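Asker:
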Amino acid sequence: MTSTVLPQAATPVKRSKLRRSINDCIVVTERNLVSYVRIPDQLFFSSVQPIMFVLLFRYVFGGAIATPGMSYVDYLMPGIFVQSLLFGCVSTSVGLAEDLQKGLIERFRSLPMARSAVLFGRTISDAVRNIFVMILITLVGFAVGFRIGTSFGLYLVAFALLILFAFCFSWVFAFIGLSASNSETAGLMAFPILFPLTFASTAFVPAESMPTWLRWFAEHQPVSIAVNATRGLMQGGPGADTTHWVVLTLIWSAIFLAIFVPLAVWRYRRVG
Amino acid sequence: MTAAIEAEGLTKTFGGEFLALNGVGFTVEEGTVLGLLGPNGAGKTTTVRVLTTTLVPDSGWARVNGLDVVKDANKVRSSIGLAGQYAAVDANLTGRENLRMVGQLFQLSRKDASRVADELLEHFNLTEAANRPSKTYSGGMRRRLDIAAALVVRPPVLFLDEPTTGLDPNSRTAVWQVVEDLVANGTTVLLTTQYLEEADRLADNIVVVDRGAVIAEGTPATLKATLGETVLDLGFSDVGAASAASKLFVSSWPAPPVLDGSILELPIDAGPSQVMMALRKLDEAGMAPTSMTLREPSLDDVFLSLTGRRAELGEDN
Ligand SMILES: Nc1ncnc2c1ncn2[C@@H]1O[C@H](COP(=O)(O)OP(=O)(O)OP(=O)(O)O)[C@@H](O)[C@H]1O
Ligand SMILES: [Mg+2]
Chain A
1 MTSTVLPQAA TPVKRSKLRR SINDCIVVTE RNLVSYVRIP DQLFFSSVQP
51 IMFVLLFRYV FGGAIATPGM SYVDYLMPGI FVQSLLFGCV STSVGLAEDL
101 QKGLIERFRS LPMARSAVLF GRTISDAVRN IFVMILITLV GFAVGFRIGT
151 SFGLYLVAFA LLILFAFCFS WVFAFIGLSA SNSETAGLMA FPILFPLTFA
201 STAFVPAESM PTWLRWFAEH QPVSIAVNAT RGLMQGGPGA DTTHWVVLTL
251 IWSAIFLAIF VPLAVWRYRR VG
Chain B
1 MTAAIEAEGL TKTFGGEFLA LNGVGFTVEE GTVLGLLGPN GAGKTTTVRV
51 LTTTLVPDSG WARVNGLDVV KDANKVRSSI GLAGQYAAVD ANLTGRENLR
101 MVGQLFQLSR KDASRVADEL LEHFNLTEAA NRPSKTYSGG MRRRLDIAAA
151 LVVRPPVLFL DEPTTGLDPN SRTAVWQVVE DLVANGTTVL LTTQYLEEAD
201 RLADNIVVVD RGAVIAEGTP ATLKATLGET VLDLGFSDVG AASAASKLFV
251 SSWPAPPVLD GSILELPIDA GPSQVMMALR KLDEAGMAPT SMTLREPSLD
301 DVFLSLTGRR AELGEDN
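Here it is, written out as structure tokens:
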């Protein structure tokens, strides 16, 4: 069965510690992206869900929701963008939990690779996938009447801001994925976090209609802040208000990174 | 000779109470094969995980190539290959992509990683399946791919956790051949197994573990000497008859007989003449077995003779 002599060993390339970490990160990212493309149904469902939300809110709820100063579809789309990207983060936790379950993390941990590479590889490939989701929803939005009220340049700023925000938020899910006992649990654990954050927010309805206690939460939580920043960039224009929300979004992104990167790496070191 | 692997007093508890490792220690000389033999739950995988740096022990120490597995973990990782108990290959990647990925994570250039991947695929007879996602592989193919992944940089020390469990006889022989090739080229191998036959064929030394501790250690020859070359199983109509028959052999037989229900197990190390002698003894006493089998001693027999209980019981208590 074994036909030839064993191959000659190759010599590793000499690289600095940083270059090695970057290499590891690229290799893992590539591997994740190849997997995405190989599982078309996963790709299909991760795009079908946001499209359903656009249609649902636009045509089912839209007529009943009053929005100040803009048409409902223009009000809605920034909310859909944020919601879809954050729901996409579920795949960060499910992906890591699956790698853990299948013993791949065990193999990675026995290799001389950077401890953070598996986690960065996962969150970066999820960010790349989010770029496609964002483009897709923009197109669907245009099809149902969404128009950018400001400029294409500001739309791109919003685009970049949301990809960054979702990337930072996905570290929460990296931590969850490494803490779950299996991939199903990892998926289920995401919803008690995602539902309150995305629905008790200003993503789909103005907070004015909510009871006072809920309204306070809805106006101050990070998802609303990111939605407000997006809405400002896409519809309001570059006023002082928009800058305020953009800066707050960046601060929240930094907070997510500062807390959850160390937590996730710590978990990674001691899983199993 | 220098030691490639040293371990001493390793302990590990899971969930506070349960002692998975309870003072495991052994030495593996460079260029030799150690067979870590034990029943389910004995602590084989846990030992391998400590030695391959994926699990930190509660106490005790271990060195691989002279490097401490906790303090110098990353250096240890550069010089070992691991094929874990459950083939850890990415199901969505092809065989070639899996091997190339591991190569690149060892900092091989893309070109070198591809070359090594192709050569390994060839060597493990996977070239035809090289461009298929590994989820389409059979269990034996996946296992071979997993072992190939452990060989990407030709590590001086290789860990194989139950490399042949679940393989058909052909694939098993192929894996054995690979191990023999590697050892001939100077690789040190630690392999865990539940098959005495496998340890006997491959290992220079055998360490038997049970409940997280080493209960016996030696060359296959010395271990087998305590068991006899072969085992004669004599079946009787009932437990009483078997037990009566066993009394005939208790003091007069070279190695002690073992009673397992209505079956009497006699160690045989002097060939057919000893079998004849056993039958003659029974005949003289007017007893006749209802069945008779001659077989190789198994891990179960090692266990019974070392611990006085059956190997399967290992996990229950
Ligand atoms: N991560 C873990 N958490 C809790 N218990 C564990 C863990 N890993 C192993 N154990 C327990 O430790 C004991 C030793 O396990 P180990 O996997 O080392 O056995 P083994 O000898 O490899 O067995 P097998 O032949 O079944 O693979 C078992 O009782 C197992 O249940
Ligand atoms: Mg095991």
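Chains as they are written, first to last, in UniProt numbering: chain A, 1 to 272; chain B, 1 to 317.
Glycine included, every Cβ here is placed at the ideal spot set by N, Cα and C.
Since we're looking at a predicted model, the values are computed, not measured.
Which residues, in chain order, does the segment 105–118 of chain A contribute to contact with chain B at a C-beta distance below 7 Å?
Answerer: Glu106, Arg107, Arg109, Ser110, Leu111, Pro112, Met113
Asker: Give me the residue from Asn40/B, Thr27/B, Thr11/B with the minimum Cα distance to Phe303/B.
Answerer: In terms of CA proximity to Phe303/B, Asn40/B leads the group Asn40/B, Thr27/B, Thr11/B.
Asker: Is the CB-CB distance between Phe132/A and Ala226/A below 8 Å?
Answerer: no
Asker: For residue 318/B, return the contacting residues in chain A, with the cut-off set at a CB-CB distance below 9 Å.
Answerer: The structure shown does not extend to residue 318/B, since chain B spans only 1 to 317, so no value can be given for it.
Asker: Can you name the residues of chain B whose CB is closer than 7 Å to the CB of Ile39/A?
Answerer: Under the 7 Å cutoff, chain B gives Asn92.
Asker: List the endpoints of the continuous alpha helix (DSSP H) containing Trp216/A.
Answerer: Looking at the DSSP string, the run of the alpha helix (DSSP H) that includes Trp216/A is 212–220.
Asker: Of the residues Leu55/B, Gly212/B, Leu182/B, which one's Cα is nearest the Cα of Val157/B?
Answerer: Leu182/B
Asker: Using a C-beta cutoff of 8 Å, does Met141/B count as contacting chain A?
Answerer: no
Asker: Comparing the C-beta of Ala97/A with each C-beta of chain B, is any distance below 8 Å?
Answerer: no
Asker: Under DSSP, the alpha helix (DSSP H) around Gly240/B begins and ends at which residues?
Answerer: 239–250
Asker: What is the DSSP secondary structure of Leu194/A, counted as helix, strand or coil?
Answerer: Helix.
Asker: At 9 Å on the CB atoms, spell out the chain B contacts of Asn23/A, in chain order.
Answerer: Gln104, Leu105, Gln107
Asker: Is the Cβ-Cβ distance between Ala127/A and Asp24/A less than 8 Å?
Answerer: No, the pair does not count as a contact, with Cβ atoms beyond the cut-off.
Asker: Listed from N- to C-terminal order along the chain, which residues in the segment 6–34 of chain A have their beta-carbon within a distance smaller than 7 Å of any beta-carbon of chain B?
Answerer: Leu6, Pro7, Ala9, Ala10, Pro12, Val13, Arg15, Arg20, Asn23, Asp24, Val27, Arg31, Val34
Asker: Which residue comes first and which comes last in the beta strand (DSSP E) that contains Arg63/B?
Answerer: Taken as a continuous stretch (DSSP letters only), the beta strand (DSSP E) holding Arg63/B covers 59–64.
Asker: Three Cβ pairs or more, each shorter than 8 Å: is that satisfied between the segment 107–122 of chain A and the segment 134–146 of chain A?
Answerer: no
Asker: Would Ser3/A count as contacting chain B if we go by Cβ distances under 8 Å?
Answerer: Reliability fails at Ser3/A, whose pLDDT of 47 lies under 50, so the model's placement of it is uncertain and the value that follows must be treated cautiously. Between Ser3/A and chain B, the shortest Cβ-Cβ separation is below 8 Å.
Asker: Give me the chain B residues within the contact set of Gly232/A, using Cβ-Cβ distance strictly less than 9 Å, ordered along the chain.
Answerer: Correct list: empty, because the minimum Cβ distance to chain B is about 40 Å.
Asker: So which residues on chain A does Ser59/B lean against when the C-beta distance must stay under 7 Å?
Answerer: Chain A residues near Ser59/B: none, gap ~17 Å exceeds 7 Å.
Asker: Within 10 angstroms of its Cβ, does Asn65/B collect 16 or more other Cβ (buried), or is it exposed?
Answerer: buried
Asker: Taking only beta-carbon atoms, is Gly103/A less than 8 Å away from chain B?
Answerer: yes
Asker: Quick check on DSSP: helix, strand or coil for Val209/B?
Answerer: strand
Asker: Within 10 angstroms of its Cβ, does Ile5/B collect 16 or more other Cβ (buried), or is it exposed?
Answerer: buried
Asker: Examine chain A for any beta-carbon lying closer than 8 Å to the beta-carbon of Asn74/B, and answer yes or no.
Answerer: A Cβ of chain A is located within less than 8 Å of the beta carbon of Asn74/B.
Asker: Look up Arg295/B in the DSSP assignment and give the residues it is bridged to.
Answerer: Val231/B
Asker: Compute the minimum distance between the beta carbon of Phe14/B and the heavy atoms of ligand 1, and state whether it is under 7 Å.
Answerer: Flag set: Cβ of Phe14/B near ligand 1.
Asker: Give every residue of the same chain whose Cβ lies closer than 7 Å to the Cβ of Ser97/A, excluding the five residues on either side of it in the sequence, and list them in chain order.
Answerer: Here residue 97/A is Ala; the residue named in the question, Ser, does not match the sequence. Around Ala97/A: Gly177, Ala180, Asn182, Ser183, Ala186.
Asker: Tell me whether Asn130/A sits in a helix, a strand or coil according to DSSP, three-state version.
Answerer: helix
Asker: Do Leu248/B and Leu282/B come within 8 Å of each other at the CB atom, strictly closer than that value?
Answerer: Yes, the Cβ-Cβ distance between Leu282/B and Leu248/B is below 8 Å.
Asker: Per DSSP, what kind of secondary structure is Pro163/B in: helix, strand or coil?
Answerer: coil
Asker: Do you know offhand how far Phe46/A's Cα is from Gly139/B's?
Answerer: Here residue 46/A is Ser; the residue named in the question, Phe, does not match the sequence. Whole-angstrom Cα-Cα distance: 31 Å.
Asker: Let's test the definition: count the other Cβ atoms within 10 Å of the Cβ of Thr188/B and tell me whether it reaches 16, buried, or not, exposed.
Answerer: buried
Asker: Can Thr11/A be considered in contact with ligand 1, in the sense that its beta carbon sits closer than 7 Å to one or more heavy atoms?
Answerer: no
Asker: When you compare the CB positions of Thr230/A and Val73/A, do they come within less than 8 Å of one another, or not?
Answerer: no
Asker: Cβ-heavy atom distance between Glu162/B and ligand 2 below 7 Å?
Answerer: yes
Asker: Met292/B touches chain A at which residues, Cβ-Cβ below 7 Å?
Answerer: Chain A residues near Met292/B: none, gap ~36 Å exceeds 7 Å.
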